[in-house]
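As structure tokens, the structure follows; a few thoughts come after it.
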Amino acid sequence: MAAVPETIVFVAAPPRQGLWSKAFHKFCRDRAGLVGLWVVLLYAIVALGVWLGFWAGDWADVTGPKWGPVSAQHWFGTNLIGQDIFARALYSTRTAFELGLVVAVLSTFVGAVFGAFAGFFSGGWIDELVLWFMGVIDSIPFYLLVAAIAFSLGDSPYAMYIAMIATFWVGTSRLVRGEVIKLKEFEFVEAAHAIGLSELAIIFRHILPNTFHILLVQATITFVAAIKSEVILSFLGIGIQDGMSWGLMIAESTIEVLAGFFNNFIAASLLMFGLVMAFNMFSDALQDALDPRSVR
Amino acid sequence: MWRLIAIVTLSALLLACSASDDAGNNKADIKDQKVFRYAMSGSPTSLDPVQSGNVYANVIVSNVFDTLYNYKYLARPPELKPGLAEAMPEVSDDGLVYTIPLKQGVLFADDPAFPDGKGREVTAEDFVYSIKRHFDPAARPQGAWLWQDRIKGLDEWKAAGSDYSVDVEGVRALDRYTVRIELTRPYPQLLYTLAMGFSAVVPVEAVEAYGREFGIRPVGSGAFRLESFNTAKAVLVPNSNYRDEPFSLSAEGYDPATQAYTRVAELEGLSPPFLDRLEIDFIQEGSALWSSFTKGNEVQMASLPDEQVKFVLDSTRPVILKPEFAAKYQLATGPEAGFVYSNFNLDFPEMGYNPDPERNARNKALRCAVIRSFDWPARNDSFYMGLGQVFPGVIPPGVPEFDEEMPRDSVTRDVVYAKQLLADNGWTADNLPTLVYGTVAGVKSRLFFEQFRAFLKDIGYPSEKVVLKRYATFGDIVRAWSRSELPFVSKGWGLDYPDAENTLQLFYGPNASPGSNDANYANPKYDALFEQAATMAPSDERTAIYRRMNQMLVDDCVAVTGLTRMRITLWHNNVIAVPDSSIVGGGFLRYVDVD
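Going down the list, the protein sequences come from chains G and X.
Read in order, the letters of the first sequence are residues 78 to 373 in the numbering used here.
Read in order, the letters of the second sequence are residues 4 to 598 in the numbering used here.
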């Protein structure tokens, strides 16, 4: 047995950090991102409480006088027909979360699938077709397209959801396509080819999981975009039909601000501002954390 | 190359200079003119009298065309006076034959449709032609219901193919200036129909020359001529051929006690129209219209929006302007000629007529409970400044047959009674039917719905069973009503004439969908009374019949009714005007003057 000099010290190699654990640590160091996350979670709890019927169940009831002032009973006063504005604003949080989640998840999914196919078969007819389709959707002004889809679907309560999913997937798809074009040249994909995996298996089992960091960031961006779009569409009268939303409250305020009554406007704007701001901070932090080039 | 560029640039500069010079001249011209800018909350789709089914079209039609009769400008309540007619008609003793002399020398406005572009004289044949058009499907008419089955031979003429060369027994030109109308049965409202835009007189030459474009290029013999028309604005200028008819305060029903402040007395003896230019803007948003009105140099007359009341008025009962507004604006108030209400569509077996007698009775109890849940004072306060007049039944305060003594149970909220009614008839939250509430997309309409749903919740009607159905446009929802697609119809009705027959016909069986009876109310006793009263001249006996019919509607719980809105109209101090009471609106515009 060979003697080992005393001067040689065996140092344990630092544990290898994966993308996700690195991102987690980076995210935890981002204060603004953490604040954003907590605020978003608070909104989520409010939305969940509305959904479970813990609060804001009386959003549609007439509980006070016309344009009642701020009081202990009505924290934001009452509207034209005497409904509690605070309850309506809280209920709208649920609407925003429902819409944001559904649109973010589905449009990200659609964008990922189309983007992956286009990227994997780049240069081929599938890529051409997907690119052409994305170009067509991109060439139509967004709100015009959403309004057209919402109108063509008539009074379906899901018209706005469908309209947004049909337009929001394009951005995600473009990003995923670019990432897949890069990934498909990597050795692990070549290896997968070499062992005879089918193309579908390669796309869904090996390539797409490597785009999850992009999808996550895109989903948060889409979430915010969906909430903002809903507000604009509801304001224009082609958004939420049955229910309440911040957009509808702001639309309501158009007949109230001239009378010097701003409660609907302030309540909806504040709550929407809080959520959108928090989500943006969270989304930025997440993007930084998941960006391999980021050195923070 | 450089020379070419220089020439092009120079030409463009010269063109721009001359264009701006033209525009400057135009502006200067208009500045020297008497211009009145009026606004309406909607735009007409056609200005052809046969298609003037809505108030917006009627405002323009009544100024571009002539009708045989008009409403007196200043008389309140409204009274008819001869328009194109020389005098009130001679009516036969049996009330079936009307002989109407026409004014001589009345000319259509000059238009390229006439030989040499000169408007020719209006004759009795023109009136006959204009009425016939309502029975010609090719003209896509909307007003045939006024004379259907009432004027001899018209329906047969239509059935035979609407051949204009064939005479109709019931509407004839006895000579160049005399019209004779023969009825199948007495029709006391006939004269009112001859004051509506539907009966306006059109020249055959223009109708044939322009075809469907006649709807946007109307040619008539009214006080004004249409200069331009699009979806945002209509511009009218005086018809240079308009007859000289000096304005007479006594003939127009002037009341110095209530109207002296408007300065209309200054117009005595002058011949209308007094304006050089009448601009009518179509502004849907009340707040936008108000902004334009208060700007000072735009719209000169506007209704006061609800949200401005506390800034503009010192008091609402009586309506008094704050001093700073009183210094700038004139004011007129008065109830609208019409009302707002909702009716059940009895075609729907869930809440209407049901083949099962027991369910039928339960449905009636359900409707009655819904009616008693409705809080009219709250509706009035929320949307009508609390100034609307709530009344039971469908005979509104604007007609002479209105009954102030009618019991007010149907407009008095009683939640306990309504709940009891539901319980007694076996209605529970589980078995109550879904009530679909249709409305046009819009903030206020949505709040109407939400308030109604909240009223129903108070009597135990689950909110998830009161469902909103949105329609993009008013036209869409009107189509849904006429196709009997909605179980609950919420709307307003503007009177075509000051006679309760005009509202009672809304529930007359033969007028069922697609007619005006979108409640599809079918009550043989009601129909028999309607037919009996239809041939009667105004009298106490007829009023009694009207009131019995009104009570039937209340007893059968057919409609949640009703409220007549208060109109508060303001106009700039430099305008001499008295806004009309909205029956056949727009007639007052020919008498408007501007300092």
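Backbone N, C-alpha and C fix where the C-beta goes; we use that ideal spot for every residue, glycine too.
Hey, residue i and residue j: beta-carbon distance below 8 Å or not?
{"i": "phenylalanine 210 of chain G", "j": "isoleucine 203 of chain G", "result": "no"}
{"i": "tryptophan 496 of chain X", "j": "glycine 341 of chain X", "result": "yes"}
{"i": "aspartate 69 of chain X", "j": "serine 224 of chain X", "result": "yes"}
{"i": "phenylalanine 130 of chain X", "j": "arginine 123 of chain X", "result": "no"}
{"i": "glycine 177 of chain G", "j": "isoleucine 315 of chain G", "result": "no"}
{"i": "glycine 192 of chain G", "j": "valine 253 of chain G", "result": "yes"}
{"i": "valine 397 of chain X", "j": "alanine 203 of chain X", "result": "no"}
{"i": "glycine 1 of chain X", "j": "asparagine 61 of chain X", "result": "With chain X covering only 4 through 598, there is no way to say anything about residue 1 of chain X."}
{"i": "leucine 222 of chain G", "j": "threonine 249 of chain G", "result": "no"}
{"i": "phenylalanine 39 of chain X", "j": "leucine 252 of chain X", "result": "no"}
{"i": "valine 511 of chain X", "j": "valine 561 of chain X", "result": "Sequence check: residue 511 of chain X is tyrosine here, not valine. No, they are not a contact pair."}
{"i": "glutamate 172 of chain X", "j": "lysine 161 of chain X", "result": "no"}
{"i": "glutamate 185 of chain X", "j": "leucine 99 of chain X", "result": "yes"}
{"i": "lysine 468 of chain X", "j": "leucine 438 of chain X", "result": "yes"}
{"i": "serine 306 of chain G", "j": "methionine 241 of chain G", "result": "yes"}
{"i": "methionine 321 of chain G", "j": "alanine 344 of chain G", "result": "no"}
So what's residue i in DSSP terms, helix, strand or just coil?
{"i": "phenylalanine 201 of chain X", "result": "helix"}
{"i": "methionine 304 of chain X", "result": "strand"}
{"i": "threonine 70 of chain X", "result": "coil"}
{"i": "serine 231 of chain X", "result": "strand"}
{"i": "arginine 175 of chain X", "result": "strand"}
{"i": "tryptophan 430 of chain X", "result": "coil"}
{"i": "isoleucine 158 of chain G", "result": "coil"}
{"i": "alanine 444 of chain X", "result": "coil"}
{"i": "phenylalanine 174 of chain G", "result": "helix"}
{"i": "glutamate 329 of chain G", "result": "helix"}
{"i": "proline 104 of chain X", "result": "strand"}
{"i": "histidine 151 of chain G", "result": "coil"}
{"i": "aspartate 596 of chain X", "result": "strand"}
{"i": "arginine 40 of chain X", "result": "strand"}
{"i": "valine 207 of chain G", "result": "helix"}
{"i": "valine 210 of chain X", "result": "helix"}
{"i": "serine 199 of chain G", "result": "coil"}
{"i": "alanine 503 of chain X", "result": "coil"}
Would you mind telling me which residues of chain X sit closer than 9 Å to residue i, beta carbon to beta carbon, in chain order?
{"i": "alanine 395 of chain G", "result": "Chain G is shown from 78 up to 373; residue 395 of chain G falls before or after that span and cannot be answered."}
{"i": "aspartate 138 of chain G", "result": "Ala457, Lys460, Asp461 and Ser466"}
{"i": "threonine 331 of chain G", "result": "Glu288, Ser290 and Val446"}
{"i": "glycine 314 of chain G", "result": "Ala444, Gly445, Val446, Arg449, Arg473 and Ala475"}
Output the distance between the C-alpha atoms of residue i and residue j, rounded to the nearest integer angstrom.
{"i": "valine 182 of chain X", "j": "leucine 313 of chain G", "result": "52 Å"}
{"i": "arginine 220 of chain X", "j": "glycine 86 of chain X", "result": "23 Å"}
{"i": "aspartate 319 of chain G", "j": "tyrosine 132 of chain X", "result": "50 Å"}
{"i": "proline 189 of chain X", "j": "alanine 88 of chain X", "result": "21 Å"}
{"i": "leucine 270 of chain X", "j": "leucine 334 of chain X", "result": "19 Å"}
{"i": "proline 308 of chain X", "j": "lysine 494 of chain X", "result": "19 Å"}
{"i": "valine 373 of chain X", "j": "alanine 421 of chain X", "result": "7 Å"}
{"i": "alanine 355 of chain G", "j": "valine 116 of chain G", "result": "6 Å"}
{"i": "leucine 194 of chain X", "j": "glycine 200 of chain X", "result": "13 Å"}
{"i": "glutamate 205 of chain G", "j": "isoleucine 298 of chain G", "result": "26 Å"}
{"i": "threonine 170 of chain G", "j": "glycine 126 of chain G", "result": "10 Å"}
{"i": "valine 44 of chain X", "j": "alanine 226 of chain X", "result": "The sequence given here places serine at residue 44 of chain X; valine does not occur at that position. Distance between the alpha carbons of serine 44 of chain X and alanine 226 of chain X is about 23 Å."}
{"i": "alanine 189 of chain G", "j": "glycine 196 of chain G", "result": "10 Å"}
{"i": "aspartate 361 of chain G", "j": "glycine 56 of chain X", "result": "58 Å"}
{"i": "glutamate 159 of chain X", "j": "glutamine 262 of chain X", "result": "48 Å"}
{"i": "isoleucine 317 of chain G", "j": "alanine 364 of chain X", "result": "37 Å"}
{"i": "isoleucine 276 of chain G", "j": "proline 286 of chain G", "result": "The question names isoleucine, but residue 276 of chain G is glutamate in the sequence shown. Between glutamate 276 of chain G and proline 286 of chain G, the C-alpha separation is close to 15 Å."}
{"i": "leucine 260 of chain G", "j": "alanine 296 of chain G", "result": "21 Å"}
{"i": "isoleucine 101 of chain X", "j": "alanine 537 of chain X", "result": "The amino acid at residue 101 of chain X is misidentified as isoleucine; the sequence shows tyrosine. For tyrosine 101 of chain X and alanine 537 of chain X, the distance between alpha carbons rounds to 17 Å."}
{"i": "alanine 330 of chain X", "j": "valine 315 of chain X", "result": "12 Å"}
{"i": "glycine 27 of chain X", "j": "alanine 268 of chain X", "result": "Residue placement at glycine 27 of chain X is flagged as unreliable, the pLDDT there being 44, under the threshold of 50; the coordinate-derived value follows with that caveat. The straight-line gap from Cα to Cα measures roughly 36 Å."}
If the cut is a Cβ gap below 8 Å, which residues of chain X does residue i touch?
{"i": "leucine 129 of chain G", "result": "In chain order: nothing, as chain X lies at least about 17 Å away."}
{"i": "isoleucine 217 of chain G", "result": "Going along chain X, no residue has its Cβ under 8 Å from isoleucine 217 of chain G, so there is no contact; the nearest lies around 20 Å."}
{"i": "phenylalanine 228 of chain G", "result": "Ala475"}
Which residues in chain G have a C-beta closer than 8 Å to the C-beta of residue i? List them in chain order.
{"i": "valine 470 of chain X", "result": "Asp319"}
Interface residues of chain X around residue i at Cβ under 7 Å?
{"i": "lysine 143 of chain G", "result": "Asp384 and Ser385"}
**Study point:** Residues of the region 373-405 of chain X whose Cβ lies closer than 8 Å to any Cβ of chain G, in chain order
**Key:** The region 373-405 of chain X vs chain G, Cβ under 8 Å: Ala381, Asp384, Ser385 and Phe386.
Point to revise | Contact set between the region 445-456 of chain X and chain G, restricted to residues whose Cβ is under 8 Å from the partner | key: Under the 8 Å Cβ criterion, the region 445-456 of chain X contributes Gly445, Val446, Lys447, Arg449, Leu450, Glu453, Gln454 and Arg456.
Exercise for review: Mind checking the region 151-163 of chain G against chain X and listing, in chain order, the residues whose C-beta falls within less than 9 Å of any C-beta there?
Suggested key: Hits within the stretch, in order: Asn156, Leu157, Ile158, Gly159 and Gln160.
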